[in-house]
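There are 2 protein chains.
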Amino acid sequence: MSPISDINKESLKNNFDVVGIGNAIVDVISHESEQFLKEFGLIKESMALIDEKTAIDLYNHMSPTIQTSGGSAANTMSGITSLGGSSSYIGKVRNDHLGDVFSHDIHAAGVHYSVKPSEQGQPTARSMIIVTPDGARTMNTFLGISTTLYKEDLDVSLIENSKVLYCEGYIWDVEATKDTIRSAIAIAKNAGRKISFTLSDSFCVLRHHQDWVDLVNGPIDILFGNEEEIQALSGCGSFTEAVEWIKGRVEIACLTRAAAGSVIVTEEKIIEIAAKPVEQIVDSTGAGDLYAAGFLFGYTRELDLETCGRIGSIAASEIIVHTGARPFSSLKEIVSSELHS
Amino acid sequence: MSPISDINKESLKNNFDVVGIGNAIVDVISHESEQFLKEFGLIKESMALIDEKTAIDLYNHMSPTIQTSGGSAANTMSGITSLGGSSSYIGKVRNDHLGDVFSHDIHAAGVHYSVKPSEQGQPTARSMIIVTPDGARTMNTFLGISTTLYKEDLDVSLIENSKVLYCEGYIWDVEATKDTIRSAIAIAKNAGRKISFTLSDSFCVLRHHQDWVDLVNGPIDILFGNEEEIQALSGCGSFTEAVEWIKGRVEIACLTRAAAGSVIVTEEKIIEIAAKPVEQIVDSTGAGDLYAAGFLFGYTRELDLETCGRIGSIAASEIIVHTGARPFSSLKEIVSSELHS
Numbered sequence: 352m353s354p355i356s357d358i359n360k361e362s363l364k365n366n367f368d369v370v371g372i373g374n375a376i377v378d379v380i381s382h383e384s385e386q387f388l389k390e391f392g393l394i395k396e397s398m399a400l401i402d403e404k405t406a407i408d409l410y411n412h413m414s415p416t417i418q419t420s421g422g423s424a425a426n427t428m429s430g431i432t433s434l435g436g437s438s439s440y441i442g443k444v445r446n447d448h449l450g451d452v453f454s455h456d457i458h459a460a461g462v463h464y465s466v467k468p469s470e471q472g473q474p475t476a477r478s479m480i481i482v483t484p485d486g487a488r489t490m491n492t493f494l495g496i497s498t499t500l501y502k503e504d505l506d507v508s509l510i511e512n513s514k515v516l517y518c519e520g521y522i523w524d525v526e527a528t529k530d531t532i533r534s535a536i537a538i539a540k541n542a543g544r545k546i547s548f549t550l551s552d553s554f555c556v557l558r559h560h561q562d563w564v565d566l567v568n569g570p571i572d573i574l575f576g577n578e579e580e581i582q583a584l585s586g587c588g589s590f591t592e593a594v595e596w597i598k599g600r601v602e603i604a605c606l607t608r609a610a611a612g613s614v615i616v617t618e619e620k621i622i623e624i625a626a627k628p629v630e631q632i633v634d635s636t637g638a639g640d641l642y643a644a645g646f647l648f649g650y651t652r653e654l655d656l657e658t659c660g661r662i663g664s665i666a667a668s669e670i671i672v673h674t675g676a677r678p679f680s681s682l683k684e685i686v687s688s689e690l691h692s
Numbered sequence: 352m353s354p355i356s357d358i359n360k361e362s363l364k365n366n367f368d369v370v371g372i373g374n375a376i377v378d379v380i381s382h383e384s385e386q387f388l389k390e391f392g393l394i395k396e397s398m399a400l401i402d403e404k405t406a407i408d409l410y411n412h413m414s415p416t417i418q419t420s421g422g423s424a425a426n427t428m429s430g431i432t433s434l435g436g437s438s439s440y441i442g443k444v445r446n447d448h449l450g451d452v453f454s455h456d457i458h459a460a461g462v463h464y465s466v467k468p469s470e471q472g473q474p475t476a477r478s479m480i481i482v483t484p485d486g487a488r489t490m491n492t493f494l495g496i497s498t499t500l501y502k503e504d505l506d507v508s509l510i511e512n513s514k515v516l517y518c519e520g521y522i523w524d525v526e527a528t529k530d531t532i533r534s535a536i537a538i539a540k541n542a543g544r545k546i547s548f549t550l551s552d553s554f555c556v557l558r559h560h561q562d563w564v565d566l567v568n569g570p571i572d573i574l575f576g577n578e579e580e581i582q583a584l585s586g587c588g589s590f591t592e593a594v595e596w597i598k599g600r601v602e603i604a605c606l607t608r609a610a611a612g613s614v615i616v617t618e619e620k621i622i623e624i625a626a627k628p629v630e631q632i633v634d635s636t637g638a639g640d641l642y643a644a645g646f647l648f649g650y651t652r653e654l655d656l657e658t659c660g661r662i663g664s665i666a667a668s669e670i671i672v673h674t675g676a677r678p679f680s681s682l683k684e685i686v687s688s689e690l691h692s
């Protein structure tokens, strides 16, 4: 594809519901057997960071692939616009083919995205995602140029004018982008905005354990994580204990449990939300990202927390019945037909 | 992705069941409303040839896309290997990103592919495929470098040593590749091999009507086409008349009718094959290509024609329940479990 012009299906707004910050990644997805994971020593359902050489080697052994834009926070921002909300994205690509693909797709989703593609340095990030027959995804990510998202790339007024800042835990894996996130959090906090954060991956939690406990005890207002991630963060042996641990540390914790639904924890209450059942999980990539999109869409509309969680479940259910982590259908239409059914 | 080495999951064989020749294309797929087709004046379910500028313009207006290798004959060859057969492919890409994607995917599918990527000229071909909510696909193809597949690119001994030559009608749209196909047909015919041909698209049939009637009356042994295509070729007002028209002109005609199944026509008999029902058609791209794969897999194993058709139906049913025209699952396993059920 050739470079994308500044098309944006939603006209630029002065205020956004959410601004997301994360690694700008193109997903390279193939369907493989469980045996494939064993042969390559891949830890099922985790995200491993790999270098460019390993990325090429793995790609050369993968079955035919599908390439489609990903990146956890970018998926979430695309979900918010699909629901009818407004969102903006901060993340860095190179001016190469995959960078063009990423830019096209995020603009096409109606997300405001104005970080200029880098004209030098490493290539655009890609994640080799192995989907096994049970729909589970195992990710192997080469971060490339996304590791060079610096404070200078932040649009201060954009962050100040968005109701919620959404930060991807994955971005903590690199020293430079960690500083960028800290700056973004400080800007949003000073402007009186809400800070939301996703724990991303249980191994990622373990790599940054103390930092993240400090974040949870500090600036984070809304925390997203799954069962394994919150247990890794809390150090608790059971989910019930982890729920007690997080209670009151953040304003709201949204804890997802795959088919078992999700639990929304505040200082006052614990709300259980059922997962929306699906016939068959084709590819679970993006389930957590879209749950966060649904929740934040509801939250920025000041809906009650149970409804926010239900929108999250509906959005997640759309993403897991097809390959790729961006919605195929208008989530707005799906939610409006299903929310009251 | 970086250039793919000469990996090939199937070891190179001296003999192939089928060698396919066609336009080497990467599919760029998005899901859009019926309204989108109207706005861009696209004729639903047809294939339109577009220039590079139009391709870029259309892409800029498409929703987030999925990119995955396509090309009608290439899809068929990938289907044959997934069924457990052996196949080879002839088609041309550039040494660019999409060319790398195409090469990776066809090698990863175990198809023998040895045409060197061109180091100059136009970019690799891409088809912008608009999938509407009913699963129908409307294709807009920029042929790029695929139009420069010359006689010199043909591996004569490869064609001589493959049981069946499979030619894509689409390739007839360009003068140079038309000559290449004629040469390939002559080589295969001289070696006593079977010639199969797919009508590809009803508009394509109309563009090349007399040439293709001559081919059908001449060298073609096995013809593939759908209802609209065979009516366009025969000039008959009904499918029944078209069946009578084709009878005896080719050894075998396989005529597909979407949900109504397929009809196999020989001089002696007409065999009706039911379509394998699916819950929901997500993307019909590749249905005809995979039907041809299943039929030719059975044919080259000398199975009876009804079984060949049933394998075609099963292979087609796998491809239409997900986005993209290459199988996600082993067709060999699906066929072995379903053929006798």
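Respectively, the protein sequence lines represent chains C and S.
Letter by letter, the first sequence follows residues 352 to 692 of this note's numbering.
Letter by letter, the second sequence follows residues 352 to 692 of this note's numbering.
The beta-carbon is built from N, C-alpha and C at its ideal position, and this holds for glycine as well.
Quick caveat: nothing in here was measured; it's all calculated off a predicted structure.
Problem set entry | Start-end ranges of the alpha helix (DSSP H) lying completely within the region 373 to 444 of chain S, minimum 4 residues | Every alpha helix (DSSP H) stretch that sits fully inside the region 373 to 444 of chain S and reaches 4 residues is listed by chain position as 385 to 390, 403 to 412 and 423 to 433.
Problem set entry | Inter-residue Cα distance where the pair is Leu654(S) and Leu647(S) | If you draw a straight line from the Cα of Leu654(S) to the Cα of Leu647(S), it comes to about 10 Å.
For this session: Report the residue from Met479(C), Ala425(C) and Gln471(C) whose alpha carbon sits nearest the alpha carbon of Ser454(C).
Result: Closest in alpha carbon position to Ser454(C), among Met479(C), Ala425(C) and Gln471(C), is Ala425(C).
For this session: Label Gln582(C) either buried or exposed according to how many other C-beta atoms from any shown protein chain fall within 10 Å of its C-beta, with 16 as the threshold for buried.
Result: Under this definition Gln582(C) is a buried residue.
For this session: Taking 8 Å as the cut-off, decide whether the C-beta atoms of Arg677(S) and Asp524(S) are in contact.
Result: In this structure, Arg677(S) sits away from Asp524(S), with a CB-CB distance that is not shorter than 8 Å.
Problem set entry | Glu503(S) and Gly373(S) closer than 8 Å at C-beta | No, the Cβ-Cβ distance between Glu503(S) and Gly373(S) is not below 8 Å.
Problem set entry | Closest by C-alpha distance to Asp408(C), when choosing among Gly486(C), Thr492(C) and Gln386(C) | Comparing Cα-Cα distances from Asp408(C) to each of Gly486(C), Thr492(C) and Gln386(C), the minimum goes to Thr492(C).
Problem set entry | Uninterrupted alpha helix (DSSP H) stretches inside the region 477 to 560 of chain S (no shorter than 4 residues) | Assignment of alpha helix (DSSP H) within the region 477 to 560 of chain S, counting only whole runs of 4 or more residues, yields 507 to 511, 526 to 541 and 553 to 558 in chain order.
Problem set entry | Three-pair Cβ contact test at 8 Å for the region 474 to 494 of chain C versus the region 634 to 641 of chain C | Verdict: yes, contact present.
Exercise. Any Cβ of chain S within less than 8 Å of the Cβ of Phe648(C)?
Worked result: No, Phe648(C) does not count as interfacial toward chain S.
Exercise. How would you list, in chain order, the residues of chain C whose beta-carbon sits under 7 Å from the beta-carbon of Phe590(S)?
Worked result: Listed along chain C is no residue with a C-beta nearer than 7 Å to that of Phe590(S); the closest approach is about 33 Å.
For this session: Could you tell me the distance, in whole angstroms, from the CA atom of Thr531(C) to the CA atom of Gly576(S)?
Result: A direct Cα-to-Cα measurement between Thr531(C) and Gly576(S) gives close to 57 Å.
Exercise. Any C-beta of chain C sitting closer than 8 Å to the C-beta of Ile417(S)?
Worked result: Taking a beta-carbon distance threshold of 8 Å, Ile417(S) counts as an interface residue toward chain C.
Exercise. Does Thr483(S) get closer than 8 Å to chain C when you measure Cβ to Cβ?
Worked result: Not one chain C Cβ lies under 8 Å of Thr483(S).
Problem set entry | Contacts of Thr674(C) in chain S (Cβ-Cβ under 8 Å) | Here the neighbours are Ile417, His673, Thr674, Gly675 and Phe679.
For this session: Using only alpha-carbon positions, find the residue among Leu393(S), Gly392(S) and Ile522(S) that is nearest to Ser423(S).
Result: Residue Ile522(S) is the option with its Cα nearest to Ser423(S).
Exercise. Under 8 Å between C-beta atoms, does Val616(S) make it to chain C?
Worked result: Val616(S) does not count as touching chain C.
Exercise. Any contact of the region 380 to 389 of chain S with the region 400 to 420 of chain S, i.e. 3+ C-beta pairs under 8 Å?
Worked result: Yes, the region 380 to 389 of chain S is in contact with the region 400 to 420 of chain S.
Exercise. With distances taken between CB atoms, is the gap from Asp506(S) to Ser437(S) smaller than 8 Å?
Worked result: Not in contact: Asp506(S) and Ser437(S) (Cβ atoms no closer than 8 Å).
For this session: Give a yes or no on whether the minimum CB-CB distance between Lys683(S) and chain C is below 8 Å.
Result: Taking Cβ atoms only, chain C never reaches closer than 8 Å to Lys683(S), which makes this a no.
Exercise. Quick one: any contact between the region 456 to 472 of chain C and the region 553 to 569 of chain C, if contact means 3 or more CB pairs under 8 Å?
Worked result: Touching, no, given that fewer than three Cβ pairs across the two stretches are closer than 8 Å.
For this session: Please confirm whether Thr549(C) and Ala643(C) have their CB atoms less than 8 Å apart.
Result: For Thr549(C) and Ala643(C), yes; Cβs fall inside 8 Å.
Exercise. Can we say the region 435 to 452 of chain S touches the region 585 to 593 of chain S, given the rule of at least three CB pairs closer than 8 Å?
Worked result: Taking a contact to require three or more Cβ pairs closer than 8 Å, the region 435 to 452 of chain S and the region 585 to 593 of chain S do not qualify as touching.
Exercise. Ends of the beta strand (DSSP E) at Ser664(C)?
Worked result: Per DSSP, Ser664(C) belongs to no beta strand (DSSP E); it is in the alpha helix (DSSP H), Leu656 to Ile670.
For this session: Below 6 Å CB to CB, which residues in the same chain sit around Glu385(S) once its five sequence neighbours on both sides are set aside?
Result: Result list for Glu385(S): Thr483, in chain order.
For this session: Using a Cβ-Cβ cut-off of 8 Å, state whether Ser356(C) counts as contacting chain S.
Result: With a pLDDT of only 36 at Ser356(C), under the threshold of 50, the placement of this residue in the model should not be trusted; the figure read from the coordinates follows. With 8 Å as the cut-off, Ser356(C) counts as an interface residue toward chain S.
Exercise. The beta strand (DSSP E) spanning Thr607(S) covers which residue range?
Worked result: First-last of the beta strand (DSSP E) with Thr607(S): Ile603 to Thr607.
Exercise. Taking the continuous alpha helix (DSSP H) assigned at Leu682(C), which residues delimit it?
Worked result: From DSSP, the alpha helix (DSSP H) with Leu682(C) extends over Leu682 to Glu689.
Problem set entry | Where the beta strand (DSSP E) containing Gly576(C) begins and where it ends | Looking at the DSSP string, the run of the beta strand (DSSP E) that includes Gly576(C) is Ile573 to Asn577.
Problem set entry | Interfacial residues, the region 428 to 440 of chain C to chain S, with Cβ spacing under 9 Å | Only those residues of the region 428 to 440 of chain C whose C-beta falls short of 9 Å from the nearest C-beta of chain S are listed: Ser429.
Problem set entry | For Gly472(S), three-class secondary structure by DSSP | In the three-state reduction of the DSSP assignment, Gly472(S) falls in the coil class.
Exercise. Taking the continuous beta strand (DSSP E) assigned at Ser589(S), which residues delimit it?
Worked result: Element bounds for Ser589(S): n/a, residue is neither H nor E.
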